[in-house]
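Chains as they are written, first to last, in full-length UniProt numbering: chain A, 1 to 435; chain B, 1 to 435.
Heads up, the beta-carbon is just placed ideally off N, CA and C, and yes, glycines get one too.
There are 2 protein chains.
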Amino acid sequence: MSAASRAKRTMPDMEVIVLEKTGDVSYSACGMPYNIADAGREMDDLVVRQADVFRQKQGIDLLTGHGVESIDPGNRAVSGTIRHSQEPFRFFYDRLLIATGGRPRVPDLPGFDLPGVLALKSLEDGKAIKAHIRDHGVQKAVIIGMGYVGLEMAEALRERGIAVEMIKPGADLLPWMPRELAQVVTAELAANGVDLHAGQTISGIEQDGKQLRVIGADCSLNADMVLVAIGISPNSELAADAGIPTGPGNAITVNRQMQTSDETIYAAGDCADAIHVVTGKKVWIPLALRANRAGWAVADHVCGKAVRVDGVAGTAVFKAFNLEVARTGLTAAEAQQSGFDPAVVTIKSRSRAHAHPGSKTIWVHLIGDRQTGRLLGAQMVGPEGAAHRINAAAVALHAGMSVATFAQTDLAYAPPFGPVWDPLLTAANQLLKKM
Amino acid sequence: MSAASRAKRTMPDMEVIVLEKTGDVSYSACGMPYNIADAGREMDDLVVRQADVFRQKQGIDLLTGHGVESIDPGNRAVSGTIRHSQEPFRFFYDRLLIATGGRPRVPDLPGFDLPGVLALKSLEDGKAIKAHIRDHGVQKAVIIGMGYVGLEMAEALRERGIAVEMIKPGADLLPWMPRELAQVVTAELAANGVDLHAGQTISGIEQDGKQLRVIGADCSLNADMVLVAIGISPNSELAADAGIPTGPGNAITVNRQMQTSDETIYAAGDCADAIHVVTGKKVWIPLALRANRAGWAVADHVCGKAVRVDGVAGTAVFKAFNLEVARTGLTAAEAQQSGFDPAVVTIKSRSRAHAHPGSKTIWVHLIGDRQTGRLLGAQMVGPEGAAHRINAAAVALHAGMSVATFAQTDLAYAPPFGPVWDPLLTAANQLLKKM
C-alpha cells in the first residue's frame with residue numbers, strides 16, 4: 001500500500017490496481033501483540049488507513065479478497081480467484097509489484113492443524129487469537145518458539161493473566177546473543193512467570209479433553225491454546241513459479257531498484273531480499289521499516305525517479321516485559337561466516353549517571369573486525385536506554401565506521417540519561433583493546 | 001583526575017602530581033541539580049572516587065587546597081599558594097596538564113556580590129546552595145539565565161517546592177532552537193509553575209529586607225535566593241599569562257594531541273578548545289564527555305602512545321521536567337555563519353507506533369547543506385525518545401554523512417519505542433525535499 005499510495009501521489013493519472021487476498025490492508029502488524037494484551041481494544045484499532053480511503057480519496061483500485069495464483073511475465077498478466085465469489089480474475093500490467101509478504105512457518109508434525117493451534121501474522125490471525133482467548137476462556141498457553149513474536153506474545157498473554165510456557169527444539173534462548181545477555185532476558189521472563197523449555201524436540205500436539213498437549217522430548221505441556229511462533233517464510237512461490245530467481249531464505253532476489261530478474265516486475269516487503277550493509281551480500285531480514293522504504297522506492301522508480309536503495313543493517317528491537325532488547329549488524333558467528341576476523345566484548349554499564357536515582361544495569365555487546373578495524377555489530381539489553389541507543393551503532397555500520405572512530409564519537413550526556421561515557425563508548429573502548 | 005589515573009595505570013612509576021585549588025576532586029558536577037532537588041541526599045554522594053583512593057591506591061600525589069597562580073614555561077615550573085597555610089609552593093614538571101575548568105560568568109553589576117546571590121559550578125557551590133535553601137527556608141528563587149544549568153536548577157528547586165522565576169536579557173528561551181521547539185519547552189516550564197521573563201535587561205540586585213530584588217527593565221522580582229546561571233568562562237588566564245595562545249571563547253588552543261603551543265604543556269577539560277567535526281574549525285563547547293576523553297588522551301600521549309583526538313559535534317541533552325531536549329551539530333544560524341547553505345525542516349512525529357498506548361509528540365529539527373548534501377545538525381524535543389535518538393544523528397555528523405544516506409539508515413522499530421519510520425528518518429525525508 002505504501003508503493004500504491006506514493007505512486008498515486010506522484011502521478012495521479014497512473015492506474016494503480018492492488019490485489020489483496022485478505023480483507024485487510026494497511027494495518028500495524030507489529031502492534032498486534034500489544035493489542036492482544038488489552039481485551040478492551042478492538043483489533044481494528046491497528047488499521048492505519050481504511051480501504052475506502054485508498055479507494056475514494058487516493059483513487060487506488062484496491063481489490064480485497066483477490067488472491068493471485070499465477071504470474072504470466074510473457075503476457076504481463078496476473079490471474080487468480082476472488083475469495084468470496086470463487087470467480088477467476090485476470091489483470092494486465094505495465095509494471096508489477098510483488099508484495100506478498102511472509103507467512104508463519106508451521107512444522108509438518110501431527111496435531112499442528114488442531115483447533116486452538118494458532119499463529120500470528122495477518123490481522124485475521126490476530127483476531128482469531130483474540131477471539132479464541134475470549135471464547136475459550138484461555139487460562140494457559142504454550143508458545144512454540146522463543147523469537148521476537150513469541151516473546152512479545154508471552155508478555156501480551158501474561159498481561160491477560162494467562163499462564164505461559166514456551167518450548168523450542170534449540171538449546172538456547174536468543175541464540176544470536178552472547179549468553180550473558182540472553183541470561184538477563186531469561187531472568188526477566190522467569191520473574192514474570194514465563195517458564196522456558198529449551199532443547200525440547202517436539203514430536204507433535206495432541207488433543208487432551210478440552211485442552212491441547214504439546215509433546216516435547218522430556219516434557220509434555222498442556223494448554224488451552226498453542227501459539228506457533230517459530231519464524232516466517234517469504235511468500236515467494238508465486239514469483240518462483242513464474243521463473244523469478246530467489247536467494248537467501250527463498251526470498252525474491254531484487255536489485256537496488258527493487259527489480260527482480262524481470263525489470264518490469266518489482267518485489268518489496270517481507271517476500272524480498274536485501275543487501276547487508278556490513279557484508280555487502282544478499283540477506284533476508286524481513287522487517288517493517290525496510291518493507292515501507294522498499295515500497296516507496298518501487299513507486300519512485302516506476303514514476304521515473306532515480307532510485308538506489310541502500311542496504312539493511314538488520315537493526316531490530318523488541319520489548320520483553322521491562323527489558324529493551326536491541327541489535328544491529330552481524331553477530332560474532334555471522335561475522336566469522338562472512339570472512340571477518342571478529343573481536344567481541346561484552347560490558348555492563350549503567351543507564352543513568354553515577355549516583356543518579358533509578359539507574360539500572362545496561363548490557364552492551366560489540367563486534368569488530370580485527371583485520372579492517374571496522375565495527376560489525378552491536379547488541380544491547382537493559383530496562384531503559386537500549387532501544388534508541390542501538391541506532392547510533394546502526395548509523396556507524398551504514399558509514400562503515402571503525403571501532404576507533406566510533407569510540408571517539410560525541411554522544412549526548414546528562415545524568416538522567418546515562419553515564420558520561422555512554423555505554424556504547426565504554427564498550428567500544430574495551431573492544432579496541434582486543435583488536 | 002582522569003588523566004592522572006590513566007597515566008598511573010599505564011606507567012605506574014611515573015611521578016604524577018595533581019594541584020587542586022579546592023578540597024574536592026572527581027565528582028559528578030552535572031549531577032548537582034539532581035542532588036539539590038533532594039533535601040535528603042548528601043552532596044558528597046556525587047563524589048565518584050575519594051581523594052584518598054587516588055593517593056593510596058593509585059599513588060597519585062594529590063594536593064588539594066593548592067591554587068596555582070603562575071606557570072613558568074622557561075623553567076618548567078608552576079607556583080602558587082597553599083589555601084589553608086598561605087604558604088607558597090613551587091613544582092617542576094616534565095609535562096604539564098592545565099585542567100583548570102571554567103567558572104560561572106557573573107555580570108559586573110551592582111548587588112551580584114550580595115549574600116544569597118549564588119552560582120553553581122564547583123561542589124562547594126552546590127553545598128552553598130543547598131545550605132542556603134535549608135538555613136534560610138528559601139520559598140522563592142529567581143534564576144538569572146535560561147540555559148541548561150538554569151533549566152535543570154528550575155526543575156530541582158520546583159521539586160523542593162520553591163517558587164521559581166527566571167529572567168534573562170535576551171529575547172528568546174533557547175535561542176539556538178527553532179521557535180516551534182522552544183515553545184514546547186516554554187509550555188512545559190509554565191505547566192510546572194516556572195515564570196519566564198525574557199528580554200529583561202538587568203540593572204542589578206538590591207537587598208529588600210530579608211529578601212533580594214532583581215531589577216529588570218520592566219519588572220522587579222523578589223526572592224529568598226538568586227541563582228546566576230548565564231554560562232561559564234574558561235579558566236584560561238593562567239595559560240594566557242604564560243604566553244599560551246587562546247582562541248574561541250578565550251579557551252586554550254590545543255592540537256589533536258591536546259598540546260598547547262608549548263609541546264610540554266597540555267590543556268584539557270572546560271578550559272580547552274576543540275575542533276568541530278562539521279566545520280573543521282575551532283570551537284569551545286565545554287562538556288563532560290569531551291573533558292574525560294581529552295584527559296585520557298593527554299595521559300596516553302604523555303605515556304608515548306599515538307593519539308589523535310577527533311572533534312566534537314556539540315552533542316548535548318538536558319531534562320526539563322518531563323521533556324528531553326537534545327541537540328547535535330550546527331544550528332541553522334551557525335551553519336550560515338560557517339559558510340554552508342542550510343536547508344532546515346521541523347517536523348512533529350510520535351514517540352510510539354500508531355495506536356500504541358502512551359504515545360507522545362516528539363519534535364525533530366534537522367539542518368542540511370544544500371551545496372554538499374551533508375547533514376549539519378539535529379535537535380529534538382519530546383517527553384520520551386529524544387535523549388538517546390540524538391546520538392544517531394551525532395554519529396552521522398562524525399561520518400560526514402549526507403542527508404540522503406542518513407534517510408536510508410536502518411533504524412530500530414518496535415511499537416513501544418517509535419513509529420516504523422523513526423522520527424529522525426521522517427525529518428530526513430522531509431529535509432531532502434528542500435535540498
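For ILE390 of chain B, a Cβ of chain A is located within less than 8 Å of the residue's own Cβ. Using a Cβ distance threshold of 8 Å, ALA119 of chain A and CYS303 of chain A do not count as a contacting pair. Pairing ALA291 of chain B with GLY329 of chain B gives a Cβ-Cβ distance that is not under 8 Å. Note on PHE318 of chain B: 16 or more other CB atoms within 10 angstroms of its CB, so buried under the neighbour-count rule. According to the DSSP assignment, ILE215 of chain B belongs to the beta strand (DSSP E) that extends over 211-216. VAL254 of chain A is outside the set of residues whose beta carbon lies under 8 Å from a beta carbon in chain B. Annotation: the continuous alpha helix (DSSP H) that includes LYS127 of chain B extends over 123-135. A straight line joining the alpha-carbon of THR372 of chain A with that of SER26 of chain A spans about 43 Å. LEU375 of chain A and ASP38 of chain B have their C-alpha atoms spaced approximately 41 Å apart. Residues of the same chain with a CB within less than 6 Å of the CB of VAL298 of chain A, apart from the 5 flanking positions on each side, are ALA3, LEU97, MET258, TYR266, ALA268 in chain order.
The closest CA to that of GLY280 of chain A, considering only A:ARG256, A:PRO12, A:GLY216, is found on A:ARG256.
Close CB contacts of THR201 of chain B within its chain, under the 6 Å cut and outside five residues either way in sequence, are with PRO169, ALA217 (chain order). Counting only Cβ-Cβ distances below 9 Å, TYR34 of chain B has contacts in chain A at ALA353, ALA355, HIS356, PRO357, PRO415, PRO416, in chain order. Rounded to whole angstroms, GLY243 of chain A and GLU15 of chain A show a C-alpha spacing of 26 Å.
Proximity of chain B to ASN292 of chain A at the Cβ level (cut-off 9 Å) is accounted for by VAL420, TRP421, in chain order. According to DSSP, residue pairing for PHE92 of chain A in a beta bridge involves A:ALA77. If you check the CB distance, ALA141 of chain A and LEU227 of chain A come in under 8 Å.
In the assembly as shown, LEU424 of chain A is a buried residue. Its beta-carbon has 16 or more other beta-carbons within 10 Å. Here PRO234 of chain A is near ASN250 of chain A, since their CB atoms are less than 8 Å apart. Per the C-alpha coordinates, the member of B:ALA51, B:CYS30, B:THR10 positioned closest to GLY23 of chain B is B:ALA51. In this structure, DSSP gives ASN292 of chain B a helical state, which the three-state scheme calls helix.
Below 8 Å, too few C-beta pairs join the segment 268-277 of chain B and the segment 391-400 of chain A to call them touching: fewer than three. Taking the Cβ atoms as the reference, ASN35 of chain B lies roughly 7 Å from GLY126 of chain B, within the contact range of under 8 Å. Per the Cβ contact rule, the segment 413-433 of chain B is in contact with the segment 345-356 of chain B (3 or more Cβ pairs under 8 Å). In the same chain as VAL68 of chain B, and ignoring 5 residues on each side of it, the C-beta atoms closer than 6 Å to its own belong to LEU19, VAL78, GLY80, in chain order. Per DSSP, ASP195 of chain B is one residue of the beta strand (DSSP E) stretching across 194-197. Secondary structure of ILE205 of chain A (DSSP, three-state): strand. Beyond the five residues adjoining it in sequence on each side, ILE143 of chain B comes within less than 7 Å, by CB distance, of GLY150, MET153, ALA154, VAL164, MET166, LEU227, ALA229 in the same chain, given in chain order. Counting along the chain, the unbroken alpha helix (DSSP H) around TYR148 of chain A starts and ends at 148-159. Nearest to ARG103 of chain B by alpha-carbon distance, out of B:GLN56, B:ILE60, B:ALA29, B:THR426, is B:ALA29.
Against chain A, the CB of CYS30 of chain B has a partner CB under 8 Å away; the residue lies at that interface.
For THR405 of chain A, the uninterrupted alpha helix (DSSP H) segment begins and ends at 403-407. When beta bridges are read from the DSSP output, GLY101 of chain A appears opposite no residue. Counting only the Cα atoms, ALA190 of chain A lies some 24 Å from GLY137 of chain A.
Non-local beta-carbon contacts of HIS301 of chain A in its own chain, meaning distances under 6 Å to residues more than five positions away in sequence, involve GLN257, VAL307 in chain order.
Taking a Cβ-Cβ cut-off of 7 Å, the neighbours of ALA396 of chain A in chain B comprise VAL395, given in sequence order.
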